């Protein structure tokens with residue numbers, strides 16, 4: 014093995030360890046931590062890891078602090094971004110249940126996210142709970158919203174306004190979700 | 012003349028305060044920012060500005076301008092959002108969501124959802140804490156002493172007492188129990204896992220009083236053989252398994268009383284999803 018290959022093979026393993034294991038309260042790792050651990054060419058290492066993970070149906074995802082920059086992200090934006098591993102392909106509802114999500118919880122999350130997206134990323138908690146009450150038992154509604162906040166899908170401010178949090182930005186294609194809901198025809 | 016001037020200033024303050032309140036409600040409640048007539052409000056601010064002499068009034072003026080500027084920013088964002096592909100008519104989407112079946116919603120969501128993969132690991136500190144906890148734990152024999160075993164005492168509350176305490180409605184107790192059993196069976200079939208329901212999921216209700224009432228009825232279901240309790244002490248989980256047919260308790264089988272705390276604190280925890 015050439016020296017260069019050996020270098021990247023070592024970095025690849027280190028990157029996998031850093032990204033897979035939960036080290037902080039939130040999964041994944043910040044850009045500046047990766048730069049410190051893997052060197053300044055960490056993006057290249059992540060690209061190699063992403064290619065490697067493709068066959069396992071996984072991918073390396075970058076979640077920027079703000080909205081995804083339209084142009085090439087700056088060093089500062091990359092430093093503050095969170096890098097994590099997500100599934101690359103689709104899962105079935107049955108698989109979703111196997112990873113600990115009830116049908117009610119998934120439906121509730123989908124509704125809450127779609128509704129907040131349609132309200133320009135911010136909606137009063139009361140309105141979100143009202144629409145959820147249509148699909149979930151009344152006593153579960155508040156609990157579910159709290160759970161979505163705890164998991165990092167939603168955030169709430171002091172005015173009881175709900176926002177989309179980092180986990181939604183990492184895991185959910187918001188555009189596609191709204192499109193699919195709007196184009197859904199009752200069968 | 013002086014009085015009229017004062018009256019005019021008072022009216023001006025009121026108008027500025029109203030503008031601030033309207034702007035705040037648009038900012039806080041995500042209302043349509045175009046509900047605010049910026050041009051008209053600026054005219055009002057301009058009209059009263061020459062009259063302000065004291066710092067309080069000038070601050071009120073500055074605050075009004077600040078809030079109007081915030082609303083203008085929101086208007087700009089609103090226009091930008093409407094021109095992006097993410098714009099959707101909220102009413103149309105809400106209507107779609109309300110008409111859509113829960114299962115269809117799930118099918119759509121899993122198409123666009125890419126859950127995070129993460130591995131939990133136990134730290135050295137947690138292992139030390141676990142060992143300390145284990146070492147300080149009393150033997151099982153001693154811990155069980157806290158829960159005296161014995162026959163269930165089912166005759167302590169009369170039906171009249173329960174009605175007067177508003178625990179039961181004026182309905183035959185057996186009928187009440189039968190209805191509750193049917194509800195348990197339905198919940199276990201529809202929302203349960205392997206025909207069993209989590210204890211708190213079943214007894215938990217919107218109010219503490221209702222929760223206690225449901226726990227009380229559940230205890231009768233278990234005592235009379237309409238259901239059984241399944242306790243997983245290590246996971247600290249408790250399930251209720253409804254019997255499909257009524258299975259009366261036989262005298263030869265030793266009955267065990269399980270004390271379950273339904274304190275207001277537990278209920279609060281359950282409401283917050285911590286239980």
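Chains as they are written, first to last, in this note's numbering: chain L, 14 to 200; chain A, 12 to 286.
Glycine included, C-beta positions come from ideal geometry on N, C-alpha and C.
Computed from a predicted model, the values in this text were never measured in an experiment.
List, in order along the chain, the chain L residues whose C-beta lies closer than 8 Å to that of residue 282 of chain A? Within the second chain, numbered from 1, the residue matching residue 282 of chain A stands at position 271. Neighbours of residue 282 of chain A on chain L, chain order: 155 and 156.
Counting only beta-carbon separations shorter than 9 Å, does residue 151 of chain L have a partner in chain A? Taking the first residue of the first chain as position 1, residue 151 of chain L is located at position 138. Yes, because at least one Cβ of chain A sits closer than 9 Å to the Cβ of residue 151 of chain L.
If we call anything under 9 Å between Cβ atoms a contact, is residue 143 of chain L one with residue 125 of chain A? In the first chain, residue 143 of chain L corresponds to position 130, counting from 1. In the second chain, residue 125 of chain A corresponds to position 114, counting from 1. Not in contact: residue 143 of chain L and residue 125 of chain A (Cβ atoms no closer than 9 Å).
Using a Cβ-Cβ cut-off of less than 7 Å, list which residues of the stretch 125–152 of chain A approach chain L; keep chain order. 125, 126, 127, 128, 129, 130, 131 and 132
Assigned secondary structure, residue 128 of chain A (DSSP; H/G/I helix, E/B strand, else coil): Position 117 of the second chain holds residue 128 of chain A. Residue 128 of chain A: strand per DSSP, three-state reduction.
Considering residue 84 of chain L, what are the terminal residues of the alpha helix (DSSP H) in which it resides? Working through the first chain from its first residue, we reach residue 84 of chain L at position 71. Counting along the chain, residue 84 of chain L falls outside any alpha helix (DSSP H), and DSSP gives it neither H nor E.
Report back the beta-carbon spacing between residue 117 of chain L and residue 149 of chain L to the nearest angstrom; my notes put them in contact at under 8 Å. In the first chain, residue 117 of chain L corresponds to position 104, counting from 1. In the first chain, residue 149 of chain L corresponds to position 136, counting from 1. Taking a contact as a CB-CB distance under 8 Å, the pair residue 117 of chain L and residue 149 of chain L counts as one, their CB atoms being some 5 Å apart.
Just list the residues that DSSP pairs residue 135 of chain L with in beta bridges. By 1-based counting over the first chain, the position of residue 135 of chain L is 122. According to DSSP, which records beta bridges pairwise, residue 135 of chain L is partnered with L:176.
Where residue 262 of chain A falls, given that 16 or more other Cβ within 10 Å makes a residue buried: Start at 1 with the first residue of the second chain, and residue 262 of chain A comes out as number 251. Confidence in residue 262 of chain A is poor, its pLDDT being 47 and thus under 50, which makes the residue's placement too unreliable to answer from.
For residue 74 of chain A and residue 34 of chain A, the rounded distance between their alpha carbons: The sequence position of residue 34 of chain A within the second chain is 23, counting from 1. The sequence position of residue 74 of chain A within the second chain is 63, counting from 1. Answer to the nearest angstrom: the Cα atoms are 11 Å apart.
DSSP state of residue 253 of chain A mapped onto helix, strand, coil: As a first step, residue 253 of chain A is located in the second chain; it is residue number 242 there, counting from the start. The three-state reading of DSSP puts residue 253 of chain A in strand, counting E and B together.
I need the boundaries of the beta strand (DSSP E) containing residue 148 of chain A, first residue and last residue. As a working note, residue 148 of chain A is residue 137 in the second chain. Neither: residue 148 of chain A is in no beta strand (DSSP E) and is coded neither H nor E.
Between the stretch 33–57 of chain L and chain A, which residues of the former have a C-beta closer than 8 Å to a C-beta of the latter? 33, 34, 35, 40 and 41
Out of A:116, A:243, A:24 and A:85, which one is the CA nearest neighbour of residue 66 of chain A? Sequence index remark: in the second chain, residue 66 of chain A carries index 55 (1-based). For residue 66 of chain A, the nearest C-alpha among the options comes from A:24.
So the alpha helix (DSSP H) residue 59 of chain L belongs to, where does it begin and stop? Here residue 59 of chain L corresponds to residue number 46 of the first chain, with the count starting at 1. Note, residue 59 of chain L: alpha helix (DSSP H), 55–67.
Would you report the Cα separation of residue 207 of chain A and residue 250 of chain A, rounded to the nearest angstrom? The sequence position of residue 207 of chain A within the second chain is 196, counting from 1. The sequence position of residue 250 of chain A within the second chain is 239, counting from 1. If you take the alpha carbons of residue 207 of chain A and residue 250 of chain A, they lie about 6 Å apart.
Could you spell out where the beta strand (DSSP E) holding residue 73 of chain L opens and where it closes? In the first chain, counting from the first residue as 1, residue 73 of chain L sits at position 60. Per DSSP, residue 73 of chain L belongs to the beta strand (DSSP E) from 71–76.
Against chain A, with Cβ distances strictly below 9 Å, would residue 128 of chain L count as a contact? Residue mapping note: residue 128 of chain L aligns to position 115 of the first chain, counting from 1. Yes, because at least one Cβ of chain A sits closer than 9 Å to the Cβ of residue 128 of chain L.
Which residues in chain L have a C-beta closer than 7 Å to the C-beta of residue 118 of chain A? List them in chain order. On the second chain, residue 118 of chain A is found 107 positions in, with the first residue counted as 1. Under the 7 Å cutoff, chain L gives 106.
Contacts around residue 119 of chain L, its chain only, beta-carbon distance under 8 Å, and the 5 residues preceding and following it disregarded: Translated into positions along the first chain, residue 119 of chain L becomes position 106. Counting only residues of its own chain and dropping the five nearest sequence neighbours on each side, residue 119 of chain L has a CB closer than 8 Å to the CB of 106 and 109.
With a cut-off of 9 Å, does the C-beta of residue 103 of chain L fall near any C-beta of chain D? Structure shown: chain D not included; protein chains present are L and A.
What's the gap between the Cα of residue 57 of chain L and the Cα of residue 90 of chain A? Residue 57 of chain L sits at position 44 when you count from the first residue of the first chain. Residue 90 of chain A sits at position 79 when you count from the first residue of the second chain. So the two alpha carbons sit approximately 38 Å from each other.
What does DSSP give as the partner residue(s) for residue 99 of chain L in the beta ladder? To locate residue 99 of chain L, count along the first chain from 1; it is residue 86. L:72 and A:127, per the DSSP bridge assignment.
Neighbour flag for residue 27 of chain L against chain A, beta carbons, 9 Å: On the first chain, position 14 is the one that residue 27 of chain L refers to. With 9 Å as the cut-off, residue 27 of chain L does not count as an interface residue toward chain A.
Compare the Cα-Cα distances from residue 79 of chain L to each of L:124, L:53, L:15 and L:178 and report the closest residue. Here the question's residue 79 of chain L lines up with position 66 in the first chain. Of the candidates L:124, L:53, L:15 and L:178, L:178 places its Cα closest to the Cα of residue 79 of chain L.
What are the start and end residues of each continuous beta strand (DSSP E) run of 3 or more residues lying completely inside the stretch 18–104 of chain A, in chain order? none
Report the CB separation of residue 136 of chain L from residue 195 of chain L in whole angstroms; it is logged as a contact under 8 Å. As a working mapping, residue 136 of chain L is identified with position 123 in the first chain. As a working mapping, residue 195 of chain L is identified with position 182 in the first chain. Going by Cβ atoms, the distance from residue 136 of chain L to residue 195 of chain L rounds to 17 Å, so no, they are not a contact pair.
Which residue from A:70, A:82, A:22 and A:83 puts its Cα closest to that of residue 55 of chain A? Taking the second chain and counting its residues from 1, one reaches residue 55 of chain A at position 44. Nearest of A:70, A:82, A:22 and A:83 to residue 55 of chain A, Cα basis: A:22.
Neighbourhood of residue 239 of chain A by C-beta distance below 8 Å, restricted to the same chain and skipping five residues each side: Working through the second chain from its first residue, we reach residue 239 of chain A at position 228. For residue 239 of chain A, where only same-chain residues beyond five positions count, the Cβ hits under 8 Å are 233, 251, 252 and 254.
Per-residue burial, residue 78 of chain A [other beta carbons within 10 Å of its own, 16 or more giving buried]: By one-based count along the second chain, residue 78 of chain A stands at place 67. The residue in question, residue 78 of chain A, is buried, as its Cβ has 16 or more Cβ neighbours within 10 Å.
Does DSSP classify residue 94 of chain L as helix, strand or coil? As a position in the first chain, residue 94 of chain L is number 81, starting the count at 1. DSSP places residue 94 of chain L in coil when its eight states are reduced to three.
In the DSSP output, which residue or residues are listed as bridge partners for residue 208 of chain A? Numbered from 1 along the second chain, position 197 holds the residue referred to as residue 208 of chain A. Partner(s): A:251.
Could you check what DSSP says for residue 18 of chain L in three-state terms: helix, strand or coil? Here the question's residue 18 of chain L lines up with position 5 in the first chain. Correct three-state label for residue 18 of chain L: helix.
Just checking: is the beta-carbon of residue 262 of chain A within a distance shorter than 9 Å of some beta-carbon in chain L? Along the second chain, one-based indexing puts residue 262 of chain A at 251. A caution first: residue 262 of chain A carries a pLDDT of 47, below 50, which makes its placement in the model unreliable, though a value can still be read off. Residue 262 of chain A does not count as touching chain L.
With 16 other Cβ atoms within 10 Å as the buried cut-off, status of residue 41 of chain L: Reading the first chain from its first residue, position 28 is the one you call residue 41 of chain L. The residue in question, residue 41 of chain L, is buried, as its Cβ has 16 or more Cβ neighbours within 10 Å.
Straight-line CA distance for residue 102 of chain L to residue 210 of chain A? Stepping through the first chain from its first residue, residue 102 of chain L is reached at position 89. Stepping through the second chain from its first residue, residue 210 of chain A is reached at position 199. If I take the Cα positions, the gap works out to 36 Å.
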